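Visitor:
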Amino acid sequence: QHKNATTPNARAYAISPTSLSYLGPSVLGKLIETNCCGVYDSMQVWEHDGPAQLHFVGEDLEGAINEGRLVNLQQLLNDSTSNKSTGRKNRPWLGAVIEDAPFVSAVWDELRKDDRIDLLDKIQVKSIKAPNHSDMGKIEPPPPVDITCVRKGVNDEGEEFTISSNLLVAADGANSFIRRTVGTFPMITRSYGRMAVTCTVELDTSKSRMGMARTAFQRFLPYGPIALLPVWNSVDSSSDREKESGPIYANVVWSTLPSEAKYLLSLSSEEFIAALNEYLCQGPNVNPSLLPDSNQPGGPPAIPLLSTIVREIDSLLRTANTALTMGTWTEAPTRNFFRMPPRSKKVVGPIMGFDLTMSHVATNGGYTSPRVALVGDAAHTMHPMAGQGLNLGMGDIHALASLIKEAVDSGMDVGGTNLFLDRYNEERILKGWGILGGVQFLHEAFECTGSIPGSITEHENATSVGSVGGLKGLIGYSRSLGMNAVNGIAPVRKALAEVAAGASPRLFP
Amino acid sequence: MLLSSNTITKATVRKLLAEKNWKLALSSVPSPSLSALAHNYDFSTSAASSSPSASTNSNPSEVDKFSSFAGHWWDSRANPLVGMNPIRIRFMREVLLAQQRQQQQQHPRHDGHNDTPASPSSLPLLHGKRVLDIGCGGGLLTESMARLGASSVVGVDASSHVVEVAKRHSFHSGSGLRSCDDDGDGENDTTVEDGIRYIGGMTVEELANHHWHYSQRRRRRRRRLSENPSSETNNRDNHELFDVVTALEIIEHVPDPTSLLRSAVSLLRPDGILFVSTINRTWKSYGMAIVAAEYISGKVPVGTHDWNRFWSPDEVERMVCDVEHGGDSGSGGATGHEEKYVMKQVGLSGMVIQPPFVNLKWSLDPLDTDVNWIGAYQKR
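Top line first, the protein sequences correspond to chains A and B. For the first sequence, position 351 (counting from the first letter as 1) is numbered 343 according to our numbering, and the numbering increases by one without interruption. Heads up: take any position in the second sequence, counting from 1, add 2, and you land on our numbering.
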């Protein structure tokens, strides 16, 4: 399908190096050679009302790769398709953005090659009969799970047939039919109160293209981040100075309030691009003052002595934060000063919007039920801001596949005893809650602003922001301070990058 | 005259044969061939109630301990043996593959099937092998070995109650694992027996004895019918022996482990491998297997193990490898002279629980045999 597409599809996933390694060298090589991946080896994250930024680079992962805690993707691929740009050869990847359709078709092609796998297409599942919890651990093994299906025939209703299986893996997404039908998976669902607007844009390449092609940008606005992710750059030709041909594309994911998202969706292409450039292409600001507007210099002080002291402390903190940020800009050897993201030229393809909800199995349940296991979005969903949703699912799959292999190698029935299902739960549930909690923490930390957020809908008033002050402002300060700390203290920054990349944690730091 | 099961002895058989009472001998004496033992011979009334005597190497109170636990045998949350199964099989896999590689190096095959030593065969692990599981219990290991492609699987246990559990579980586990208590097979030398044969209420000494009787009878019959003994008949005698004999977690529960191991060795085919696993007798094992497992965490019912019956790898190696002087009852050939075999240890590993100790996660550690350990011994 990719062969027919001339522009990237906005439906794409962010994949970590660990998840890429699970695909196997042949699928991965195929995706890279057909230029379906948008590889990024540096990532810049900054806030709208503070000076701080986070700058992750591929070198942050080198420690983990050398210690063997993270897969060395370049080695895995026997890299002939590696980054051909000078000076950045073999820089470890932080991740890649892969479009949905070529990804799925590459995996299906790989599955078709293996004749131990029966691929059934155009099937509708009518009913599922799975054993109960009380059937497990008894003298008789639990009955196999029966899946009654209908092959969609010419007359729209083919004949029914039943598949019996030792284990049913539910990988059918956030609204999983299997999970709802089996019915033993209580879920906790919470909406973030946000919608994500996504599309593909063509970048303005009139300025220099060097160094931008493999960078991901994410700016946190009051209600959510705007992310600009590279696509279609795995066969990298943009570094050739002579070869200026070919447009450079990027994937945009803009998370914001539903009202604002709907406004964005209603805009024309040109207006959307203007809004995008306006809200993305701004650099760090000074922290807003802790004091409300009425106490700004020049205005009459409300309580004279106290407010003078607070004002001095306030300006001290702001200066400190700014200075800290600029201090990290000189960190050799990567020279992580702020780089302005590229401006977009036009939108290609449709602009899509979708709701953002968080979900996970409830604490009194697990990812498994007798003879049934949930993987991926069927078990958990989250905000896309950290790009962890699919990666967590790939980790689930890897763990479950290892357990199935162990069961088969041991001549045991993988779904028939609680042994393997309990181990799957033990390995994955805590991790799922952990990543969900981390994303929730990011979500809430970046919400707390010290300024009245400029509303996009009232476009003409967007630049007039005021200072709210008080507790929210303090949290804003701490966030800036925290970001500076993470960015500046290399071990902390590297640890964060490793978690996002799916590396195993170091046991003794 | 129908002989009751309790009175079958060597003497009776000899008496009948001396009387040239073939028909009666053959019809009244239940066929001692292993393939029909499960069908015809029911020891369940005798073993469980008798006091430990010299003839039965089983302690009835131990047997009862396991019989009462039988209902939970297959519950992985109640029975730690379920969790140990994968690494026991992994150890067996390592040893068997190493042996196969060695054999291929010594006898390279010229028939076009060129398995390089490095590449594993696509056949299942126990393809074409006959396996015997001593102390099979609820059939955990027995079923696994059947699924791994063994051509004939026999499980024997002193408790007939637990073996009933095994039969029920295997019966429902799908085709190929049906335990054959419905079709009584005759003495068919070349049968590829499918399904698992469970023999309950019998110790392995009794099993080995019956096999000895059987092979002696056949030898006498051949001599009487003036057949020329040849190596082919020697092989036919060996056909009822086993390629793999497993005695996992059993020798710490019997009064006389030496006799159990001797019988196990006698049932081994030449080049067959005996797997033994048990718990080592160290302070660490007392702390882990008795105090921690039984009293603190309650994972194992109190009183399951007796620390004084634990065995170290060296002791077991001595017990197994000194056996050839004890008279192999099964490997005596029809050629008339006893062929001498020695047992050699070909593998040893410890089985350790990885922290955290909540959901018991086992792994093989070749260096740490302080608590649980498993060893492999080959008959050469």
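Backbone N, C-alpha and C fix where the C-beta goes; we use that ideal spot for every residue, glycine too. For clarity, every value in this text was computed on a predicted model and none was experimentally measured.
How is residue 254 of chain B classed by DSSP in three states: helix, strand or coil?
Guide: Looking at residue 254 of chain B - three-state DSSP - the assignment turns out to be helix.
Visitor: Among A:352, A:359, A:386, A:298, whose alpha-carbon lies nearest the alpha-carbon of residue 372 of chain A?
Guide: Answer by Cα proximity: A:352.
Visitor: Answer yes if the segment 289 to 298 of chain B comes into contact with the segment 307 to 315 of chain B, meaning at least three C-beta pairs across the two stretches below 8 Å, and no otherwise.
Guide: Yes, since at least three Cβ pairs between the segment 307 to 315 of chain B and the segment 289 to 298 of chain B fall closer than 8 Å, the two stretches touch.
Visitor: Give me the residue from A:439, A:400, A:275 with the minimum Cα distance to residue 151 of chain B.
Guide: Of the candidates A:439, A:400, A:275, the one whose C-alpha sits nearest the C-alpha of residue 151 of chain B is A:400.
Visitor: Between the beta-carbon of residue 265 of chain A and the beta-carbon of residue 246 of chain A, is there less than 8 Å?
Guide: No, Cβ-Cβ distance for residue 265 of chain A and residue 246 of chain A is not below 8 Å.
Visitor: In chain B, which residues lie less than 8 Å from residue 178 of chain A when you measure between Cβ atoms?
Guide: None at all; the shortest Cβ gap to chain B is about 21 Å.
Visitor: May I ask you to verify whether the segment 346 to 362 of chain A touches the segment 178 to 192 of chain A, counting CB pairs closer than 8 Å and requiring at least 3?
Guide: With a cut-off of 8 Å, the segment 178 to 192 of chain A and the segment 346 to 362 of chain A count as touching, because enough Cβ pairs lie within range.
Visitor: Are the segment 159 to 176 of chain B and the segment 199 to 209 of chain B touching by the rule of at least three beta carbon pairs closer than 8 Å?
Guide: Result yes; three or more Cβ-Cβ pairs closer than 8 Å.
Visitor: Name the chain A residues whose beta carbon is nearer than 7 Å to that of residue 84 of chain B?
Guide: Those within 7 Å of residue 84 of chain B in chain A are 409, 411.
Visitor: My output table needs one value for residue 507 of chain A: the three-state DSSP class, helix, strand or coil.
Guide: Since the first residue of chain A shown is -7 and the last is 501, residue 507 of chain A is not available in this structure.
Visitor: For a cutoff of 8 Å on Cβ pairs, would you count residue 414 of chain A as touching chain B?
Guide: True, the Cβ-Cβ gap to chain B drops below 8 Å.
Visitor: How would you write the range of the alpha helix (DSSP H) that residue 55 of chain A sits in, first residue to last?
Guide: Looking at the DSSP string, the run of the alpha helix (DSSP H) that includes residue 55 of chain A is 54 to 58.
Visitor: Do residue 421 of chain A and residue 189 of chain A have their beta-carbon atoms positioned less than 8 Å apart in this structure?
Guide: Going by C-beta atoms, residue 189 of chain A is not nearer than 8 Å to residue 421 of chain A.
Visitor: Residue 388 of chain A versus chain B: which residues are under 9 Å apart at the beta carbon?
Guide: Near residue 388 of chain A there are no residues of chain B at all, since even the closest Cβ is about 17 Å away, more than 9 Å.
Visitor: Residue 471 of chain A and residue 39 of chain A - do their beta-carbons sit closer together than 8 Å?
Guide: In contact: residue 39 of chain A and residue 471 of chain A (Cβ atoms closer than 8 Å).
Visitor: Could you check whether the Cβ of residue 345 of chain A sits closer than 8 Å to any Cβ belonging to chain B?
Guide: For residue 345 of chain A, the answer is no, since every Cβ of chain B falls outside 8 Å of its Cβ.
Visitor: Can you pull the chain B residues whose beta carbon is under 9 Å from the beta carbon of residue 401 of chain A, in chain order?
Guide: Those are 88, 91, 92, 95, 127, 150, listed as they occur along chain B.
Visitor: Taking the Cβ atom as the reference point for each residue, do residue 94 of chain A and residue 493 of chain A lie within a distance shorter than 8 Å?
Guide: No, the pair does not count as a contact, with Cβ atoms beyond the cut-off.
Visitor: Flag residue 25 of chain B as yes if its beta-carbon sits less than 8 Å from any beta-carbon of chain A, otherwise no.
Guide: Per-residue confidence for residue 25 of chain B stands at a pLDDT of 46, beneath the threshold of 50, marking its modelled position as unreliable; the derived number appears in the next sentence. Answer no: the Cβ-Cβ gap between residue 25 of chain B and chain A never drops below 8 Å.
Visitor: In this structure, does DSSP put residue 38 of chain A in helix, strand or coil?
Guide: The answer is strand: DSSP assigns residue 38 of chain A an E or B state.
Visitor: Which residues in chain B have a C-beta closer than 8 Å to the C-beta of residue 129 of chain A? List them in chain order.
Guide: Here the neighbours are 74, 76, 77, 78, 79, 80.
Visitor: Please say whether residue 90 of chain B and residue 128 of chain B have beta carbons closer to each other than 8 Å?
Guide: Contact flag unset, no.
Visitor: In the DSSP output, which residue or residues are listed as bridge partners for residue 2 of chain B?
Guide: No answer is possible for residue 2 of chain B: the residues shown for chain B start at 3 and end at 382.
Visitor: For the beta strand (DSSP E) that residue 381 of chain B lies in, which residues bound it at each end?
Guide: Unbroken beta strand (DSSP E) run through residue 381 of chain B: 374 to 381.
Visitor: Since residue 314 of chain A and residue 43 of chain A are thought to touch, with beta carbons under 8 Å apart, how far apart are those beta carbons, to the nearest angstrom?
Guide: With 8 Å as the limit, residue 314 of chain A and residue 43 of chain A qualify as a contact, their Cβ atoms being about 5 Å apart.
Visitor: Would you report the Cα separation of residue 162 of chain B and residue 60 of chain B, rounded to the nearest angstrom?
Guide: Approximately 12 Å between the Cα atoms of the pair.
Visitor: Excluding the 5 residues preceding and the 5 following residue 261 of chain A in the sequence, name in chain order all residues of the same chain whose CB lies nearer than 6 Å to its CB.
Guide: Closer than 6 Å at Cβ, skipping near neighbours: 339.
Visitor: What span of residues does the beta strand (DSSP E) with residue 404 of chain A cover, start to end?
Guide: Unbroken run through residue 404 of chain A: none, as it is neither H nor E.
Visitor: When the Cα atoms are used, what is the spatial distance from residue 396 of chain A to residue 136 of chain A?
Guide: Taking the straight line from one Cα to the other gives about 16 Å.
Visitor: In the DSSP assignment, what residue or residues form a beta bridge with residue 143 of chain A?
Guide: A:115, per the DSSP bridge assignment.
Visitor: Where does residue 323 of chain B sit, in a helix, a strand or coil, going by DSSP?
Guide: Here residue 323 of chain B sits in helix by DSSP.
Visitor: Is there a Cβ from chain B that is less than 8 Å from the Cβ of residue 362 of chain A?
Guide: Cβ-Cβ to chain B under 8 Å: no for residue 362 of chain A.
Visitor: Mapping DSSP to helix, strand and coil, what is residue 562 of chain A?
Guide: This structure gives no information on residue 562 of chain A, because the portion of chain A shown stretches from -7 to 501.
Visitor: I'd like to check one pair, residue 41 of chain A with residue 277 of chain A: are the Cβ atoms closer than 8 Å?
Guide: In contact: residue 277 of chain A and residue 41 of chain A (Cβ atoms closer than 8 Å).
Visitor: Along chain B, in chain order, which residues have C-beta atoms closer than 8 Å to that of residue 59 of chain A?
Guide: None at all; the shortest Cβ gap to chain B is about 20 Å.
Visitor: According to DSSP, simplified to helix, strand and coil, what is residue 338 of chain A?
Guide: Note: residue 338 of chain A maps to strand in three-state DSSP.
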